[in-house]
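Notes to accompany the following structure.
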Amino acid sequence: MASSFDSYQKRKLISSYISVVISIALVLFLLGCLGLLIINSKKVADHFKEQVVMTIYLNDSAKDVEINQLKKSLALAEYSKEALYVSKEEAAEFMKADTGEDFMDFVGYNPLKNSIDVSLKAEFVTTEKLTEITESLSEKGFIEEIRYDNDLVELMNDNVKKITFWVLIISGLFTLIAVLLINSSIRLAVYSKRFIIKTMQMVGATKRFIRKPFVWQSVKLGIIGAVIALIGMAVVLYYLDITFLELRLLENTVLIVALFVGIFLLGILITWISTFIATQRFLNLKTDQLYY
1 MASSFDSYQK RKLISSYISV VISIALVLFL LGCLGLLIIN SKKVADHFKE
51 QVVMTIYLND SAKDVEINQL KKSLALAEYS KEALYVSKEE AAEFMKADTG
101 EDFMDFVGYN PLKNSIDVSL KAEFVTTEKL TEITESLSEK GFIEEIRYDN
151 DLVELMNDNV KKITFWVLII SGLFTLIAVL LINSSIRLAV YSKRFIIKTM
201 QMVGATKRFI RKPFVWQSVK LGIIGAVIAL IGMAVVLYYL DITFLELRLL
251 ENTVLIVALF VGIFLLGILI TWISTFIATQ RFLNLKTDQL YY
């Protein structure tokens with residue numbers, strides 16, 4: 001009879017551990033996927049920002065030496081991703097290809113200007129920084145005009161700020177929910193052993209001695225759950241990388257490794273804190289309160 005009861009208790013304990021591991025793994029997996037989304041959303045935003053082109057129109061009187069110096073300085077500038085020189089003849093050919101007509105047959109001459117198209121780095125695509133760049137370049141006398149789509153830049157930055165704001169709020173709420181779910185699962189597991197905790201305390205065991213095996217057991221469960229979550233994240237990441245090649249997710253190696261390490265440490269931290277609080281609560285209860 002005792003053997004049957006012990007077997008039942010063992011199965012119940014294993015079932016409790018499995019439920020804790022599954023809860024931890026699912027929550028950390030969802031948090032990890034949200035982290036991958038955040039990393040990728042920034043990359044997509046940067047990709048669109050870097051499509052903004054600043055066009056520098058040059059005077060016809062500009063000398064070749066001045067143009068070459070400007071091209072070299074733009075190519076080496078911290079804000080420049082790429083600088084492409086477009087002559088007035090090349091611009092006329094591009095326009096002819098777009099419209100299907102040769103406008104010079106009607107005008108009689110080429111009114112276009114030699115120009116340099118500068119592709120900007122994402123962090124410099126803001127109204128303030130573009131204004132600074134424009135003012136700096138305008139000091140050169142052979143530059144006639146500098147153009148970029150300021151309305152598009154403002155709209156893009158406003159949308160990025162709004163999306164970032166809501167993603168951070170959702171991430172915060174989701175993290176809170178994750179902590180509460182994992183904490184609830186661990187508290188249930190500790191609750192099932194509340195009489196053992198009180199018995200050990202009554203025979204003279206210190207709180208630290210009683211707490212230690214519970215904390216260590218929960219940390220092990222947290223590690224197992226985190227490893228399962230990381231395996232799931234790796235599978236999702238691999239699938240997305242081979243399915244959506246244009247996203248190039250694996251290029252952000254440092255961020256991905258940091259995310260994986262963060263999820264692993266989070267699994268350990270949450271289980272450690274939750275178990276510490278749960279065991280402390282039952283250690284502070286009186287014997288008659290254990291039945292409620």
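Residues 1 to 292 in UniProt numbering are what the sequence shown lists, from first letter to last. Heads up, the beta-carbon is just placed ideally off N, CA and C, and yes, glycines get one too.
Item	Value
C-alpha distance - alanine 91 paired with asparagine 114, whole-angstrom precision	8 angstroms
Per-residue DSSP class, three states only, for arginine 187	helix
Distance, glycine 222 Cα to serine 185 Cα	11 angstroms
Distance CB(lysine 71)-CB(tyrosine 85) smaller than 8 angstroms	yes
Exposure of threonine 131, with buried meaning 16 or more beta-carbon neighbours within 10 Å	exposed
For isoleucine 18, three-class secondary structure by DSSP	helix
Pairwise C-alpha distance: serine 87 and lysine 49	25 angstroms
Beta-carbon proximity of glycine 267 to alanine 226, cut-off 8 angstroms	yes
Alpha carbon of isoleucine 38 to alpha carbon of glutamate 93, nearest angstrom	42 angstroms
Residue burial classification, alanine 97 (beta-carbon count within 10 angstroms, cutoff 16)	exposed
Reference alanine 25, options Thr271, Tyr239, Ile277, Leu283, closest by Cα	Thr271
For lysine 121, the nearest candidate out of Glu139, Glu89, Glu82 (CA to CA)	Glu82
Coarse secondary structure for leucine 112, derived from DSSP in three states	coil
Selected residue, minimal CA-CA separation from serine 41, among Glu78, Asn252, Thr134	Asn252
Coil, strand or helix - threonine 55 by DSSP	strand
Beta-bridge partners of serine 80, as assigned by DSSP	Leu120
Delimiting residues of the alpha helix (DSSP H) encompassing arginine 281	253–283
Own chain partners of aspartate 117 with C-beta closer than 7 angstroms, once the 5 adjacent residues on each side are dropped	Val53, Thr55, Leu84, Val86
Neighbourhood of valine 44 by C-beta distance below 7 angstroms, restricted to the same chain and skipping five residues each side	none
Contacting residues, own chain, Cβ-Cβ under 7 angstroms from leucine 74 (five flanking each side not counted)	Ser80, Ala83, Ile116, Val118
Cα-Cα separation, arginine 147 to lysine 161	24 angstroms
First through last residue of the alpha helix (DSSP H) which encompasses glutamate 128	127–138
Distance, arginine 208 Cα to isoleucine 163 Cα	46 angstroms
For arginine 248, three-class secondary structure by DSSP	coil
The alpha helix (DSSP H) enclosing glutamate 89, as first and last residue numbers	88–99
Beta-carbon proximity check, asparagine 183 vs serine 274, cutoff 8 angstroms	yes
For glutamate 145, the first and last residue of its enclosing beta strand (DSSP E)	143–147
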